[in-house]
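Colleague: Okay, handing you the structure first.
Protein chains: 6
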Amino acid sequence: MTHGTDTLGRPPARLRTLVAAGLLAAVPAMPAAALTTEERAKRGGEVIRSLNNGQPQPTLERMREEFPFLAEATEAYALGDVWSRPGLDTRTRQLAAVAAFAAIGETAFMKIHAGYALNAGVSEDELKEIVYMVTVPAGFPRAISAARTLSELFAERRPSEGGTP
Amino acid sequence: MTHGTDTLGRPPARLRTLVAAGLLAAVPAMPAAALTTEERAKRGGEVIRSLNNGQPQPTLERMREEFPFLAEATEAYALGDVWSRPGLDTRTRQLAAVAAFAAIGETAFMKIHAGYALNAGVSEDELKEIVYMVTVPAGFPRAISAARTLSELFAERRPSEGGTP
Amino acid sequence: MTHGTDTLGRPPARLRTLVAAGLLAAVPAMPAAALTTEERAKRGGEVIRSLNNGQPQPTLERMREEFPFLAEATEAYALGDVWSRPGLDTRTRQLAAVAAFAAIGETAFMKIHAGYALNAGVSEDELKEIVYMVTVPAGFPRAISAARTLSELFAERRPSEGGTP
Amino acid sequence: MTHGTDTLGRPPARLRTLVAAGLLAAVPAMPAAALTTEERAKRGGEVIRSLNNGQPQPTLERMREEFPFLAEATEAYALGDVWSRPGLDTRTRQLAAVAAFAAIGETAFMKIHAGYALNAGVSEDELKEIVYMVTVPAGFPRAISAARTLSELFAERRPSEGGTP
Amino acid sequence: MTHGTDTLGRPPARLRTLVAAGLLAAVPAMPAAALTTEERAKRGGEVIRSLNNGQPQPTLERMREEFPFLAEATEAYALGDVWSRPGLDTRTRQLAAVAAFAAIGETAFMKIHAGYALNAGVSEDELKEIVYMVTVPAGFPRAISAARTLSELFAERRPSEGGTP
Amino acid sequence: MTHGTDTLGRPPARLRTLVAAGLLAAVPAMPAAALTTEERAKRGGEVIRSLNNGQPQPTLERMREEFPFLAEATEAYALGDVWSRPGLDTRTRQLAAVAAFAAIGETAFMKIHAGYALNAGVSEDELKEIVYMVTVPAGFPRAISAARTLSELFAERRPSEGGTP
């Protein structure tokens, strides 16, 4: 698998365009206010597969049985409404989300969104810059925890030995 | 004052280039590790004037007399080291900072960085997208407080009499 | 309308039933997942008027112009979806919301929900118990700030001179 | 063991009355201000056994040796003074505590109080409603972490196979 | 008013001894566990007057009428039990409290304890060191807010006309 | 200067004097503002070895390869600038740091600084007093988590069988 991370710096604009196109394709051509929750959740499912290399989000799937309203709200509101909005490209929105999750100490969620950011063409170095910045608003412990979490993520995505990530 | 906010969406690349050029001009052509704190603070002063339309930051000036080490650390570390780093453009770094400050409820600092973002060519609509996103990691009160703070900032920057922004 | 705050203690069960009935009346007799965002926002508007003595929420109205998506999300998701859910009576849900807002230090939002709780028949003494409890999870500053905010709310709702609230 | 969780919804009023009676029995018939810390700690011990199906709280027992003042403060103040207060029934106070602990991200303590709530007759579905509500004040990560913690608690209390929890 | 602040640096050991003596004088010569809440609250009242130059704490007095249990808990637990404990001198305990309140953003409470610290002989410069340190665990906004709050406190305590501190 | 660390706990005043001497020796006899980042990082390295019984900090070493700017900022700013400042003795600064880290729930970092405090001659009992105090600003969960973390630290430092800590 080549998920298009450009280790030198700027992400490949081509991939980003494809992702953006994927997101737009998922949104029915009608005003958002006219969508039902079911349609919004469906859109959220498409958004997540766009962000997550075609895979569903395991966290979300586990919630669906016991906490159906929370799973639906995450899918329809967080994913379907918020992450699919126009007005900000996927790269910038995910980097801002990484900054917000890191600043409040929610590293498990930061990791998910950092993965989406890498899938959307953000480089590892750009994610590191977010972590450096977080020292200013939120202090060193939050930034250091975020750094460790990114290290784990980067290691998990690296082909171990002649294999696939 | 024309701070170059492009209400349609993407900021003028020209302004962004100038800002970036201004920042780079401020950095002596030597490895950062070889800079003294005095030089880093000077660089921080230049960064702040780049971000703040040529003006010093009043908060910083007030601290200088009674809390000199905190003023110096803000100037040399936060501004001189962090905000002037390469690896992320000013727009993206400031949007991520706005997200982090909003998520932790530090609206006064969010306002300062949202102002820097507008100066760097970010549109009001892009800042609103950050606020919408913040509902997901940090809940509705933080997002609503951030929205009110942005409303104040937008109002303060609008020409009060007979002009348009 | 007399919102029936029973200063002696237990709220009138009759009023609570009416409030609940009002909420249910606002919800179309169809599965929530089949509602459009527009319908959910309409339901949210009805919920807020049920909770707020027939009045709209001024905070929400001010957001509508400049931050339409945040106003819509608050109305459709927070109010329309969450506050109107069955499974917990209005009194208990609002008391739990007051506890959560107090614990995270969001006193302005705590005040709004404490007002809804009083409208739903919660007594002032029951709200004070929540504040006392908050010392345990969140410490004394959060509880003391919440106490001050409740004092303000109670004073605002007391007939000033010969009138009724 | 039948801990009285009514899976259909409303808790059995009978159990709740017994629990309340147990609490009251533990409180000497004298003004609280006249109790010594030793008496308040004893009352706290009785409160905890009422809430915890007759068992002491392991966390508290472990602290007693190395952090005696903290164990005593938890027992005398948090348990003896706060959880045994009149003015709010055990169900509502525990649900509000669950909301507060979830909102500040203290899931281990939330789990303890969610267990007390189940013991006092709160249903699993009512606890889920608290988690759904927490998305509004505190965002999705806190609610999702709380949901996972409740899932663990529910699983631990279910008879595994022909046994008792 | 002579509150004994030694502007040169080290606090006068004499004052500190007197304060400590004052505290000990307030504690009946019996095991703490044998004190009633009323006695602990009385002790808390004496502690606060020791820390606050013989004055009661206005915040506490305002709570007494409407939130009697919170006022009592603050007085008996926070002041009577915690601040009067042996094992750490008043200076160190108040400086640590200032650090904790600053780190969680509770500047109003930080100001009260910074005032107690000054009364116990801590110098302004020592309080500034706490603020500088807070940048590391909690970030720059918390430290800058704490610095502003200390500036207010220092200004309020300075003789306005013709005197010396 | 020997300001009287008690002999009841663990504090060897001699060690502390050596540490203080070590710190001072590490600081070049020139104004801090004239130091380069490289020199400040070197000073930070010496500070950490002083605080950590001559050992480097493993957390810091792991960051150096993947997050060089964060490692450098931690070393040059947090350690080199902040922890080496005059104006507060090592004991008091570390106790205040422990209070701040405990209050914000960053127990892993609290553990590191509690270890530095023990190395500088603070007693276990003094650290326990900080934990007791934290209940007031930050609530019982933060204090209880801090207590558990200190228990771990104390156990790790005790000679297991015929050895030395």
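Chains as they are written, first to last, in numbering that gives the first Met the number 0: chain A, 0 to 164; chain Y, 0 to 164; chain X, 0 to 164; chain H, 0 to 164; chain P, 0 to 164; chain F, 0 to 164.
For every residue, glycine included, the Cβ atom is placed at its ideal position computed from N, Cα and C.
Just so it is clear, the structure is predicted and the values come from calculations on it, not from any experiment.
(1) Using the three-state DSSP reduction, which class does Y:V26 fall into: helix, strand or coil?
(2) Residues of chain Y with CB closer than 9 Å to the CB of F:A72, please, in chain order.
(3) Run through the segment 26 to 82 of chain A for me and flag every whole alpha helix (DSSP H) of 4 or more residues, listed as ranges in chain order.
(4) Quick one: using the 10 Å Cβ neighbour count with 16 as the cut-off for buried, is X:P140 buried or exposed?
(5) Hey, H:A137 and Y:G53 are a contact pair by Cβ (cut 8 Å); roughly how many whole angstroms apart?
(6) Kindly say whether H:E155, judged by its beta-carbon, lies nearer than 7 Å to any beta-carbon of chain F.
(7) Could you run through the segment 30 to 49 of chain P and flag, in chain order, every residue whose CB is less than 9 Å away from some CB of chain H?
(8) Given that a residue counts as buried once 16 or more other Cβ atoms are within 10 Å of its Cβ, and exposed if not, what is P:A119?
(9) Applying the criterion that 16 or more other CB atoms from any shown protein chain within 10 Å of the CB defines a buried residue, is Y:S144 buried or exposed?
(10) Can you grab the Cα-Cα spacing for the pair P:N51 / P:Y115, in whole Å?
(11) On the criterion of 16 or more Cβ atoms from any shown chain inside 10 Å, does H:R154 qualify as buried, or is it exposed?
(12) Any idea if H:R157 is buried or exposed, counting beta-carbon neighbours within 10 angstroms, 16 or more meaning buried?
(13) Tell me, please, whether the segment 58 to 68 of chain F touches the segment 83 to 97 of chain F by the rule of three or more beta-carbon pairs shorter than 8 Å.
(14) Determine the extent of the alpha helix (DSSP H) in which Y:G114 is found, giving its start and end residues.
(15) For a contact meaning CB atoms closer than 8 Å, what does F:V135 contact in chain H?
(16) Let me make sure I understand the geometry here. Which of A:A101, A:E151 and A:A107 has the alpha-carbon closest to that of A:T58?
(17) Counting contacts by CB-CB distance shorter than 7 Å, is H:E60 in contact with chain F?
(18) Under DSSP, the alpha helix (DSSP H) around P:P158 begins and ends at which residues?
(19) Using 10 angstroms around the beta-carbon of X:A101, count the other beta-carbons present and answer buried if the total reaches 16, otherwise exposed.
(20) Answer yes or no: does any C-beta atom of chain P fall closer than 7 Å to that of X:S150?
(21) Report the option in Y:Y76, Y:L69 and Y:P67 whose CA atom is closest to the CA atom of Y:R42.
(22) Leaving aside the five residues before and after F:M0 along the sequence, list all residues of the same chain whose C-beta is less than 6 Å from its C-beta, in chain order.
(23) Along the chain, where does the alpha helix (DSSP H) containing X:L94 start, and where does it finish?
(24) Can you say whether P:S159 is buried or exposed, counting buried as having 16 or more other CB atoms within 10 angstroms of its CB?
(25) Tell me the DSSP secondary structure of H:R147 in three-state form.
(26) Would F:A33 be called buried (16 or more neighbouring beta carbons within 10 Å of its own) or exposed?
(27) Should H:L69 be flagged as near chain F, meaning a C-beta pair shorter than 7 Å?
(28) With distance defined between alpha-carbon atoms, name the residue in Y:V81, Y:T91, Y:A40 and Y:V130 nearest to Y:E71.
(29) What separation, rounded to the nearest whole angstrom, lies between the Cα atoms of P:E105 and H:K127?
(30) When you compare only the Cα positions, how much space is there between X:T73 and F:T36?
(31) Under 7 Å between beta-carbons, which chain A residues line up against Y:R84? List them in chain order, please.
(32) Taking C-alpha atoms, which residue in H:W82, H:V46, H:A146 and H:E123 lies nearest to A:L69?
(33) Quick check: is the beta carbon of F:F139 nearer than 7 Å to any beta carbon in chain H?
(34) In terms of alpha-carbon separation, which member of A:H112, A:A142 and A:V130 lies closest to P:V135?
(35) Contact criterion: CB-CB distance below 7 Å. Does H:A145 meet it with respect to chain A?
(36) Please list, in chain order, all residues of the same chain as X:K110 whose beta carbon is under 6 Å from its beta carbon, the five residues on each side excluded.
Modeller: With the given structure in hand:
(1) Any reading at Y:V26 must be qualified, since the residue scores a pLDDT of 35, below 50, and its modelled position is unreliable; the value itself is stated next. DSSP places Y:V26 in coil when its eight states are reduced to three.
(2) Close to F:A72, with beta-carbon spacing below 9 Å, are these residues of chain Y in chain order: Y76, D80 and V81.
(3) Entirely contained in the segment 26 to 82 of chain A, the alpha helix (DSSP H) runs reaching 4 residues are, in chain order, 36 to 50, 57 to 65 and 67 to 72.
(4) By the neighbour-count rule (16 or more Cβ atoms within 10 Å), X:P140 is buried.
(5) About 40 Å separates the two Cβ atoms, so there is no contact after all.
(6) Chain F, which has no Cβ nearer than 7 Å to the Cβ of H:E155, makes this no.
(7) Of all residues in the segment 30 to 49 of chain P, those with a C-beta nearer than 9 Å to a C-beta of chain H are P30, A31, A32, A33, L34, T35, T36, E37, E38, R39 and A40, reading in chain order.
(8) So P:A119 counts as buried.
(9) Buried, because 16 or more other Cβ atoms sit within 10 Å of the Cβ of Y:S144.
(10) So the two alpha carbons sit approximately 6 Å from each other.
(11) This sequence places Ala at residue 154 of chain H; Arg is not what is there. Flag for H:A154 reads exposed.
(12) It is exposed - the Cβ of H:R157 has fewer than 16 other Cβ atoms within 10 Å.
(13) Three or more Cβ pairs closer than 8 Å define a contact, and the segment 58 to 68 of chain F falls short of that threshold against the segment 83 to 97 of chain F.
(14) That run of the alpha helix (DSSP H) goes T106 to N118.
(15) Within chain H, no residue has its beta carbon less than 8 Å from that of F:V135; the closest one is some 10 Å off.
(16) A:T58 has its Cα closest to that of A:A107, out of A:A101, A:E151 and A:A107.
(17) It does not; no Cβ of chain F falls within 7 Å.
(18) Counted as a single uninterrupted DSSP element, the stretch harbouring P:P158 is not any alpha helix (DSSP H), since DSSP gives it neither H nor E.
(19) Looking at its Cβ environment, which holds 16 or more other Cβ atoms inside 10 Å, X:A101 is buried.
(20) Interface with chain P (7 Å Cβ-Cβ cutoff): X:S150 is included.
(21) Relative to the Cα of Y:R42, the nearest Cα in the group Y:Y76, Y:L69 and Y:P67 belongs to Y:Y76.
(22) Because F:M0 carries a pLDDT of 31, less than 50, the predicted location of this residue cannot be relied on, and the following value inherits that uncertainty. Once the five neighbours on either side are set aside, F:M0 has no close Cβ partner at all.
(23) Note, X:L94: alpha helix (DSSP H), T89 to A102.
(24) Looking at its Cβ environment, which holds fewer than 16 other Cβ atoms inside 10 Å, P:S159 is exposed.
(25) H:R147: helix per DSSP, three-state reduction.
(26) By the neighbour-count rule (16 or more Cβ atoms within 10 Å), F:A33 is not buried but exposed.
(27) Output row for H:L69: interface = yes.
(28) It is Y:A40.
(29) Within the model, the alpha-carbon separation for P:E105 versus H:K127 is close to 31 Å.
(30) When rounded, the distance between both Cα atoms is 48 Å.
(31) Neighbours of Y:R84 on chain A, chain order: E128 and Y131.
(32) The option with the nearest alpha carbon to A:L69 is H:A146.
(33) Yes, contact with chain H.
(34) For the set A:H112, A:A142 and A:V130, the Cα lying nearest the Cα of P:V135 is the one of A:A142.
(35) Taking 7 Å as the CB threshold, H:A145 stays off the interface with chain A.
(36) Contacts found: T148 and L152.
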